[in-house]
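Counting in full-length UniProt numbering, the sequence shown runs from 1 upward without gaps. Glycine included, every Cβ here is placed at the ideal spot set by N, Cα and C. Quick caveat, the model's predicted, so the values are computed rather than measured. Please read the structure below before turning to the comments.
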Amino acid sequence: MIPSMKNTWLEQVLPGNSSGCGFLGEHIVRMLLEREPRLRELRVFDLHLSSWLEELKAGPVQVTAIQGDVTQAHEVA
1 MIPSMKNTWL EQVLPGNSSG CGFLGEHIVR MLLEREPRLR ELRVFDLHLS
51 SWLEELKAGP VQVTAIQGDV TQAHEVA
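Below you can see the structure in the form of structure tokens.
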């Protein structure tokens, strides 16, 4: 990977407009927090934010919940 690229490998695997609060999204988020020691920040984007996100804010990784609709370009940008 070219050092000057802004996106990390993780941002390329899970783009910011992925639904993060559904069944699959929750499991991916929890797996990343458990298995990726280099992770320092995680942004979760979804139309409906779930209450389980609150418990993650107390951990060592900065978890930011962003509410928005992926069908609205101005909310994703």
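Which residues mark the beginning and the end of the alpha helix (DSSP H) in which E75 is found? Position 75 of the sequence shown, counted from the first residue, corresponds to residue 75. Where E75 is concerned, the enclosing alpha helix (DSSP H) stretches over 73 to 76.
For Q12, does the three-state DSSP call read helix, strand or coil? On the sequence shown, residue 12 is found 12 positions in, with the first residue counted as 1. Note on Q12: pLDDT 47, under 50, position unreliable in the model; no value is reported.
Nearest by alpha-carbon distance to residue 154: which of H74, L33, D69 is it? As shown, the chain starts at 1 and ends at 77. That puts residue 154 outside it, with no answer to give.
Please report the straight-line C-alpha distance between L56 and D46, rounded to a whole angstrom. Position 56 of the sequence shown, counted from the start, is the residue given in the question as residue 56. Position 46 of the sequence shown, counted from the start, is the residue given in the question as residue 46. When rounded, the distance between both Cα atoms is 16 Å.
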